[in-house]
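Please read the structure below before turning to the comments.
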Amino acid sequence: MNTIEEALEVSKHSQIFCIADLGCAVGPNTFSCVNTLIEAVQHKYKKNHSSDAKIPEFQVFFNDHVKNDFNTLFKRLPSDRQYMAAGVPGSFRGRIFPKSSMNLMHSAFALHWLTRVPQEVTRKDSPAWNKGNITYVRSSAPVIDAFEAQFFSEMMDFLKARSEELAPGGLLAIFMPCRTECTLPSETTVIHSFECLGDALAEMVKEDLVTEDLADSFNIPIFYPMASEVKELVSSNKHLSIERFEEIYLPPRLKTPEDIQFGSAHVRAAFEGILSEHFGHEIADELFNRYPEKLEKFSMTSEFTRVEKLEFLFMVAKRKDDC
Ligand SMILES: C[S@@+](CC[C@H](N)C(=O)[O-])C[C@H]1O[C@@H](n2cnc3c(N)ncnc32)[C@H](O)[C@@H]1O
3 MNTIEEALEV SKHSQIFCIA DLGCAVGPNT FSCVNTLIEA VQHKYKKNHS
53 SDAKIPEFQV FFNDHVKNDF NTLFKRLPSD RQYMAAGVPG SFRGRIFPKS
103 SMNLMHSAFA LHWLTRVPQE VTRKDSPAWN KGNITYVRSS APVIDAFEAQ
153 FFSEMMDFLK ARSEELAPGG LLAIFMPCRT ECTLPSETTV IHSFECLGDA
203 LAEMVKEDLV TEDLADSFNI PIFYPMASEV KELVSSNKHL SIERFEEIYL
253 PPRLKTPEDI QFGSAHVRAA FEGILSEHFG HEIADELFNR YPEKLEKFSM
303 TSEFTRVEKL EFLFMVAKRK DDC
C-alpha cells in the first residue's frame, strides 16, 4: 500500500473520502481490501498534515452486478468498520458514479470477466462459432479474436468511466490475473483448466444428459490479457498516469489430490451461477463429479507441467489534474 500513500493527493479540507470496490462479490475479501486501503489513507493524512488536520470520514461504495447477493454482503459487513457503506449495483464497464466524485477506486479479480460472451461465438452461421468448446483456448482464430476484441473494448470502457469518476489526484488500483508475457491467448494455462470443464460437459452430451445444442451455446465469458497489454491501454487514456506496475508470480498448484479438489471447488464457486443459468441447477453435481478427473489429466500434460508460474497484475493509476 506504499504506492497509495505516496501517489494519493489528499486535501486537509476534504471532509469525505470516497472509496469504491468494483466487483466486490459478497465478501470477505472486499472487507479486508477496504480496511487496508483505509489504513493507508489514514497514514497518509497523519503524515501529511499537522495534528490539527481532521481525517475525513470514509464512505465506501461496494459495486457488483445487479444480481450479486448484496443482502449477504450487507449482513457480513464488519461491525467495527470505520466507514459508511453503500451498495452500487450495475456494471462497472459504464459510469456508476458522478463525475470527479471518487478518491480511491479498487478492483480485484474482476476485470478478466466479460459482461457477456461475444455474440458471434454462439451463432451457428458465424465463422466464429465456438462449437464444442466453452473457452477460446482450443478454438479457431476468429473465436480467439472475438474474445480478445470484446475484452479490449470493455477494458477501454472501464478506464473511460473511471477516468471520469475519479477526482483529480484520485487513484485506481487494479489487481487481476493475466497470461504470461509473450504467450498467445491459446496458451493461457488457467483457461485450459477451465476448458477441462468442457470435456466433462462433452462426456455428458455423449451420454444424453445434456443436449448438444445447449452445450454448444455455452461459453465462459472470461479473457486473460497480458499485463503489458493492460499497461498499454491505461497509458493510452490521456487522463490517467501509471504510478505503479507490478507483475506478481505464483506457482501453479495442481500437484496433489488436495490441489485438484481445491482447484475444482474454486472453479465450481466461480462458474456454478452461470452454468445453472444456462443449463438449470440439476447439472452442477454431475458436472463437478466428473471435473476433478479431467483436471488431474490436464495436470499431467506438458501444457501444464511446463508452466512454472502464473501471472497477476497489480497496477495503480492516478487521475491527472487536467481539467
Ligand atoms: C472473482 S469475484 C472477485 C470478488 C472480490 N473482488 C475478491 O477479490 O474476492 C469477481 C466479481 O466481479 C464481479 N464483476 C464481474 N464483472 C463485473 C462488472 N462488469 N461489473 C460489476 N461487477 C462485475 C462479479 O460479479 C464477481 O462478483
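Just so we're aligned, residue 3 is where the sequence shown starts under our numbering, counting upward by one. Think of the CB as a built atom: it goes at the ideal place given N, C-alpha and C, for glycine as much as any other residue.
- Message: Check this for me: beta carbons of Lys-296 and Asp-201, under 8 Å apart or not?
- Response: As a first step, residue 296 must be located in the sequence shown, where it is residue number 294. As a first step, residue 201 must be located in the sequence shown, where it is residue number 199. Taking C-beta atoms as the reference points, Lys-296 and Asp-201 count as a pair closer than 8 Å.
- Kindly examine ligand 1 and report whether one of its heavy atoms sits closer than 7 Å to the Cβ of Arg-95. Sequence index remark: in the sequence shown, residue 95 carries index 93 (1-based). Answer for Arg-95: yes, Cβ within range of ligand 1.
- Query: Does DSSP put Leu-203 in a helix, in a strand, or in coil?
  - Reply: For the purposes of this step, residue 203 is taken as residue 201 along the sequence shown, with counting starting at 1. Of the three classes helix, strand and coil, the one that applies to Leu-203 here is helix, per DSSP.
- Message: ligand 1 and Asp-159: does the residue's C-beta get closer than 7 Å to at least one heavy atom of that ligand?
- Response: Here residue 159 refers to the residue found at position 157 of the sequence shown. For Asp-159, the CB stays at least 7 Å from every heavy atom of ligand 1.
- Could you spell out where the beta strand (DSSP E) holding Gln-17 opens and where it closes? To locate residue 17, count along the sequence shown from 1; it is residue 15. DSSP places Gln-17 outside any beta strand (DSSP E), giving it a letter other than H or E.
- Start-to-end residues for the alpha helix (DSSP H) that takes in Ser-237: The residue you call residue 237 lines up with position 235 of the sequence shown. It spans 229 to 237 - the alpha helix (DSSP H) in which Ser-237 sits, taken as one unbroken run.
- Cβ atoms of Tyr-226 and Ile-193: under 8 Å apart, would you say? As a working mapping, residue 193 is identified with position 191 in the sequence shown. As a working mapping, residue 226 is identified with position 224 in the sequence shown. Yes, they are a contact pair.
- With 16 as the cutoff for other CB atoms within 10 Å, does Val-284 come out buried or exposed? Residue 284 sits at position 282 when you count from the first residue of the sequence shown. For the sequence presented, residue 284 should be read as Glu rather than Val. Taking all protein chains shown into account, Glu-284 has fewer than 16 neighbouring C-beta atoms within 10 Å of its C-beta and is therefore exposed.
- Item | Beta carbon of Gly-25 nearer than 8 Å to that of Met-104 | Stepping through the sequence shown from its first residue, residue 25 is reached at position 23. Stepping through the sequence shown from its first residue, residue 104 is reached at position 102. If you check the CB distance, Gly-25 and Met-104 do not come in under 8 Å.
- Environment of His-15 [buried if 16+ CB atoms lie within 10 Å]: As a first step, residue 15 must be located in the sequence shown, where it is residue number 13. Classification of His-15: exposed, given that the 10 Å Cβ count is below 16.
- Message: Please identify the residue among Ser-141, Phe-196, Asp-159 and Ser-165 whose C-alpha is closest to the C-alpha of Ser-188.
- Response: Here residue 188 corresponds to residue number 186 of the sequence shown, with the count starting at 1. Measuring from the Cα of Ser-188, the nearest candidate turns out to be Ser-141.
- Item | Exposure label - Ser-237; buried when at least 16 CB within 10 Å | Working through the sequence shown from its first residue, we reach residue 237 at position 235. With fewer than 16 other Cβ atoms within 10 Å, it is exposed.
- Endpoints, beta strand (DSSP E) assigned at Val-318: Reading the sequence shown from its first residue, position 316 is the one you call residue 318. First-last of the beta strand (DSSP E) with Val-318: 312 to 321.
- Using the Cα positions of Leu-168 and Asp-287, report the straight-line distance between them to the nearest angstrom. Here residue 168 is taken as the residue at index 166 of the sequence shown, counted from 1. Here residue 287 is taken as the residue at index 285 of the sequence shown, counted from 1. Rounded to the nearest angstrom, the two C-alpha atoms are 43 Å apart.
- Could you give the distance in angstroms between the alpha-carbon of Pro-30 and the alpha-carbon of Pro-129? Indexing the sequence shown from 1 puts residue 30 at position 28. Indexing the sequence shown from 1 puts residue 129 at position 127. In a straight line, the C-alpha of Pro-30 is about 42 Å away from that of Pro-129.
- Message: Please list the terminal residues of the continuous beta strand (DSSP E) segment that includes Gly-134.
- Response: Counting from one through the sequence shown, the residue named residue 134 turns up at place 132. Judged by DSSP secondary structure, Gly-134 falls outside any beta strand (DSSP E); it is assigned neither H nor E.
- Item | Arg-78: first and last residue of the uninterrupted beta strand (DSSP E) it sits in | In the sequence shown, residue 78 corresponds to position 76, counting from 1. It is not in any beta strand (DSSP E) - Arg-78 instead sits in the alpha helix (DSSP H) that spans 72 to 78.
- Query: Any idea what DSSP makes of Phe-225, helix, strand or coil?
  - Reply: The sequence position of residue 225 within the sequence shown is 223, counting from 1. Correct three-state label for Phe-225: coil.
- Message: ligand 1 and His-67: does any heavy atom of the ligand fall closer than 7 Å to the residue's C-beta?
- Response: Looking up residue 67 in the sequence shown gives position 65. Yes, since a heavy atom of ligand 1 falls inside the 7 Å radius drawn around the Cβ of His-67.
- Task: Decide yes or no for the touch test of the segment 147 to 158 against the segment 80 to 90: beta carbon pairs closer than 8 Å, at least 3 of them.
- Result: Under the three-pair Cβ rule at 8 Å, the segment 147 to 158 does not count as touching the segment 80 to 90.
- Query: Any chance the CB of Ala-27 is under 7 Å from a heavy atom of ligand 1?
  - Reply: Locating residue 27 in the sequence shown gives position 25, counting from the first residue. Yes, Cβ of Ala-27 sits closer than 7 Å to a heavy atom of ligand 1.
- Query: How many angstroms separate the CA atom of Val-28 from the CA atom of Ala-22?
  - Reply: Indexing the sequence shown from 1 puts residue 28 at position 26. Indexing the sequence shown from 1 puts residue 22 at position 20. Taking the straight line joining both Cα atoms gives about 14 Å.
- Query: For the candidate residues Phe-300, Ile-57, Ser-13 and Lys-69, whose alpha-carbon lies nearest to that of Thr-191?
  - Reply: As a first step, residue 191 is located in the sequence shown; it is residue number 189 there, counting from the start. For Thr-191, the nearest C-alpha among the options comes from Phe-300.
- Item | Nearest-angstrom Cβ-Cβ length linking Leu-199 and Tyr-293, presumed shorter than 8 Å | As a first step, residue 199 is located in the sequence shown; it is residue number 197 there, counting from the start. As a first step, residue 293 is located in the sequence shown; it is residue number 291 there, counting from the start. Rounded to the nearest angstrom, the Cβ distance from Leu-199 to Tyr-293 is 6 Å, consistent with a contact under 8 Å.
- Contact test: Asn-31 Cβ vs ligand 1 heavy atom, cutoff 7 Å: The residue labelled residue 31 in the question sits at position 29 within the sequence shown. Yes, the beta carbon of Asn-31 sits closer than 7 Å to at least one heavy atom of ligand 1.
- Query: Within the present structure, is the beta-carbon of Ala-110 separated from the nearest heavy atom of ligand 1 by less than 7 Å?
  - Reply: Taking the sequence shown and counting its residues from 1, one reaches residue 110 at position 108. Yes, ligand 1 has a heavy atom inside 7 Å of this Cβ.
- Assuming Met-158 contacts Leu-235 (C-beta within less than 8 Å), just tell me the rounded distance between them. Residue numbering aside, residue 158 sits at position 156 when the sequence shown is read from its first letter. Residue numbering aside, residue 235 sits at position 233 when the sequence shown is read from its first letter. Yes, Met-158 and Leu-235 are in contact; Cβ-Cβ is about 6 Å, under 8 Å.
- Message: Using only the alpha-carbon positions, how far apart do Val-68 and Trp-115 sit?
- Response: Counting from 1 along the sequence shown, the entry for residue 68 is found at position 66. Counting from 1 along the sequence shown, the entry for residue 115 is found at position 113. Cα to Cα, Val-68 sits roughly 15 Å from Trp-115.
- Query: Thinking C-alpha only, which one of Ala-88, Thr-117 and Ser-195 is nearest Phe-63?
  - Reply: Numbered from 1 along the sequence shown, position 61 holds the residue referred to as residue 63. For Phe-63, the nearest C-alpha among the options comes from Ala-88.
- Item | Complete beta strand (DSSP E) runs within the segment 141 to 190 (minimum length 3 residues, chain order) | DSSP runs (the beta strand (DSSP E)) wholly in the segment 141 to 190: 168 to 180.
- Query: Quick one: Cα of Lys-320 to Cα of Phe-273, how far?
  - Reply: Sequence index remark: in the sequence shown, residue 320 carries index 318 (1-based). Sequence index remark: in the sequence shown, residue 273 carries index 271 (1-based). Taking the straight line from one Cα to the other gives about 33 Å.
- Task: With Arg-246 as the anchor, note down where its alpha helix (DSSP H) starts and where it stops.
- Result: Position 244 of the sequence shown, counted from the first residue, corresponds to residue 246. No alpha helix (DSSP H) contains Arg-246, which is instead part of the beta strand (DSSP E) from 242 to 252.
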